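Protein sequences appear in the order of chains D and R. For the record, in the first sequence the residue sitting at position 193 is 193 according to this note's numbering, with numbers rising by one throughout. For the record, in the second sequence the residue sitting at position 22 is 406 according to this note's numbering, with numbers rising by one throughout. Glycine included, C-beta positions come from ideal geometry on N, C-alpha and C. This structure is a prediction, so every number in the text was calculated from the model and none was measured. What follows is a set of notes on a single structure, which appears directly below.
Protein chains: 2
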Amino acid sequence: MTKFGKHIDQSLRSLGQQALKIAVEDANINMSQIDAAYIGNAMAGVIWGQESIRGQVVLAGTGIEGIPIFNIENACASGSSAFHLAWQAVATGVHDVVLALGVEKLYHEDKTKTFNAFKGSTDVESLNQFPGGGDDTSQSIFMNVYAREAREHMNKYGTKIETIAKVAVKNSYNGSLNPLAQYQTPKSLNTIMNSRMISDPIRLLMCSPIGDGAAAVIVCSEKFARKYTSNPIYIASSVVLSGRGHREDIDKGKVRAITKAYEMAGLGAEDLDVVEVHDGGASGEIWAYEHLQLCPEGQAGELLLSGETEIGGRIPVNPSGGLLAKGHPVGATGIAQLAEIVWQLRGQAGKRQVRNAAKVGLTHNNGGYLYGDSGAAAINVLTK
Amino acid sequence: MTKFGKHIDQSLRSLGQQALKIAVEDANINMSQIDAAYIGNAMAGVIWGQESIRGQVVLAGTGIEGIPIFNIENACASGSSAFHLAWQAVATGVHDVVLALGVEKLYHEDKTKTFNAFKGSTDVESLNQFPGGGDDTSQSIFMNVYAREAREHMNKYGTKIETIAKVAVKNSYNGSLNPLAQYQTPKSLNTIMNSRMISDPIRLLMCSPIGDGAAAVIVCSEKFARKYTSNPIYIASSVVLSGRGHREDIDKGKVRAITKAYEMAGLGAEDLDVVEVHDGGASGEIWAYEHLQLCPEGQAGELLLSGETEIGGRIPVNPSGGLLAKGHPVGATGIAQLAEIVWQLRGQAGKRQVRNAAKVGLTHNNGGYLYGDSGAAAINVLTK
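Right, here's the structure in full:
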């Protein structure tokens, strides 16, 4: 992956090709060995007018041409969706070596373009379905969703907002150990609780930032991998499910994807050594603990406060810094989560390496919002 | 498919759901039997601000929820690309019954939005790569590509512009037999040759129109199909390849996709009974005759003039009216081509039914433009 951050002088292409080059070199292969490419991007149409053949544009001149190239969208889960189709093509024997690449460039001098792009991740004709409505052009409307989720956990389980804010304390510290993170400064609880209110009770430093960046992975058959590496990382399961609209349980889609991913992998929460979750807002990580069954229902706050999800804990969550600190260039996020898990499983995560030799990791990525549920919920389980 | 045309009062959702309902009823299944959905749309981001989760938005409320939904783009080949991934999922046994749906809404009161969306089907940062440049906001810049292709055929083989115009004569007649076509009035050579010049030598009536519409197909395993129908249509091959940029031969990508599709199907041009080709401009059909090997190189004009590609001829091309008359709501086009071939193979094409009982049909769909080649070339061979 590229460093995530504000890359005003970079284009979608230069960001994408930077990640591609790193992935191809890491895999020790040539561009010409890639049989197909699955490109995730969610917002270049609204922000940059670059729609329709984004992947071909990003890959032009690399030699990755003349093969099947598919442009895949699922909002904040676009990267994971591209990866899922890449995995499926290899797992079913259609292709031997494929590329999954996610790229996003959110910074634009006209901020309304960026905020409008986030609206494009819901039903633009029914923005009034949104908690708080969709007419607030001063911010990403998605923070209204995280605010609602925060209030729900607080009301239902008595969780304090300070506890939710401590997700951001942890992840900002983790980000300070990640040279590719957008923000590398640890933030205190006090600083976070005094940052500007965005959508009550979510404050600025409990929100993932606007950012630019790209990430790429090479997915190949085991036979191919064995020729190039002695320590391949395996995909134990990969699941993408859309949410169920018009239902009471807002998290049904997410939970179903997790259950399916555990079943497919033949593994459970107790087997996980490291996890990257979708903390678009700090409350996202709180709910994820319970959905992933890292703790019983209602006890996510306790799990966080116990320190067990810190890098040195029993089940480290978001050692990369997560979306809150590493950043969230939308289409790149899911693949950057996979990159982090690969590095953690290989023992290449530097200062943020989880303590024990990790053998099983999981990525949890959600995209879009539609009538009370995710547009897409994506879970991957990786093993070494 | 829906009728193609100007549907000002319809939304992406209402168009998409209309096609979905027709497809599901035709297949005699329930919405709940669909295991996954692949949605093709190319331009709703730029035109409508609806990006990221277009498929989920279109399908909301239909009961097609909680399954994998993938949003697929490849410019004018978006529908075919969605179909290809749908086919692949069934062919490899990942899913048993899936939906491929293409939908587009191009008419907007602000025409510059629509024209900008077409720019998004090339590299927006390098529009000067375009023949004639990309700064003409008065029309779809793609007509400059068709104009260049027309000039090439004229210069290389002495083809007359009146011959190329006769593609539009034929297809406007075919469209007059198709109740779902956007234009159902036969046009004379004289009318076409006197229509406004768009990009020399391509005139208005040699261009596919702006339009709205949707089309859907149900793809399933043979075992499943046998339970619901005694006359299934088989997918003999499905190919999507991106073009090769920076190369001299502009059509290399298209020709490679055709060759691969014939090989995969174990069939050749001589086996085809009916073909739908990508006549975004009239010159597109001329070149397609040769790429598909319906005639030797340089003899496309003669083939057209012989009448053999008319509905009553040896190898009818675009009996639906093609993009020129049936219309070209971008993301829907590839799937509408498949619908036409299915109807022709079933003998359900009404007044435009090809003469002999057709057994083998082909769709030819291209998308986007990048440095002298297609962004994506998609070919499907169907048999009964």
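Membership of S78/D in any beta strand (DSSP E) is not indicated; the residue belongs instead to the alpha helix (DSSP H) covering S78 to A91.
Taken atom to atom, the span from the alpha-carbon of A376/D to that of D419/R is near 15 Å. DSSP, reduced to helix, strand and coil, places K105/D within a strand of the structure shown. Sorting Q417/R, S556/R and S416/R by C-alpha distance to the C-alpha of A565/R places S556/R at the top. With contacts defined as CB atoms closer than 8 Å, I53/D and G752/R qualify as a contacting pair. In the DSSP annotation of this structure, the continuous segment of the alpha helix (DSSP H) that includes Y541/R starts and ends at F526 to Y541.
Between T363/D and Q337/D, the gap from beta carbon to beta carbon is short of 8 Å. Think of a sphere of 8 Å around the beta carbon of T92/D: the chain R residues whose beta carbon falls inside it are Q472, T476, G477 and V478, in chain order. The C-beta of Q353/D comes no closer than 8 Å to any C-beta of chain R. Ranking A236/D, P319/D, V98/D and L127/D by CA distance to the CA of C220/D puts V98/D first. In the DSSP assignment, the residues bridged to S238/D are N380/D. Judged by DSSP in its simplified three-state form, A37/D adopts strand. Within the DSSP secondary-structure output, E457/R pairs in a beta bridge with N71/D. For M581/R, the enclosing beta strand (DSSP E) begins and ends at M581 to S583. Under the DSSP definition of a beta bridge, C679/R lacks any partner. For K351/D, the number of other beta carbons within 10 angstroms of its own is below 16, and it is reported as exposed. For N458/R, at least one C-beta of chain D is nearer than 8 Å to its own C-beta. The Cβ atoms of V658/R and A742/R sit closer than 8 Å to each other. Taking each of R580/R, M648/R and A407/R in turn and checking the Cα distance to V94/D, the smallest one comes out for M648/R.
A direct Cα-to-Cα measurement between I39/D and I617/R gives close to 31 Å.
Along the region 37-48 of chain D, the positions whose C-beta sits under 7 Å from a C-beta of chain R are A42, M43, G45, V46 and W48, read in chain order. Under the three-state reduction of DSSP output, S592/R falls in the coil class, being neither helix nor strand. For E449/R, a Cβ of chain D is located within less than 8 Å of the residue's own Cβ.
In the three-state scheme derived from DSSP, where H, G and I count as helix and E and B as strand, V603/R is classed as strand. Residue contact check for F526/R against chain D: no CB pair falls below 8 Å.
Here DSSP, grouped into helix, strand and coil, assigns A609/R to helix.
Taking the Cα positions, I218/D is about 11 Å away from Q33/D.
At a beta-carbon threshold of 9 Å, the residues of chain D lying near P452/R are S81, H84, V239, V240, L241, S242 and A376, ordered along the chain.
Leaving aside the five residues that flank E681/R on each side, the residues in its chain whose CB is nearer than 7 Å to its CB run, in chain order, E674. When C-beta atoms of the region 487-494 of chain R are compared with those of the region 707-726 of chain R, three or more pairs fall below 8 Å, so the two segments count as touching. Spatial neighbours of I192/D in its own chain (CB-CB distance under 7 Å, excluding positions within 5 residues in sequence) are listed in chain order as A165, A168, V169, R203, L205 and M206.
Between the beta-carbon of T122/D and that of L370/D there is about 6 Å, and that keeps the pair under the 8 Å contact cut. A distance below 8 Å separates the beta carbons of N749/R and A762/R.
Using a Cβ-Cβ cut-off of 7 Å, V441/R is close to D123 and L370 of chain D, given in chain order.
A Cβ-Cβ separation of about 4 Å places I335/D in contact with G79/D under the 8 Å criterion. Straight across, the Cα-Cα distance linking A421/R with A473/R is about 10 Å.
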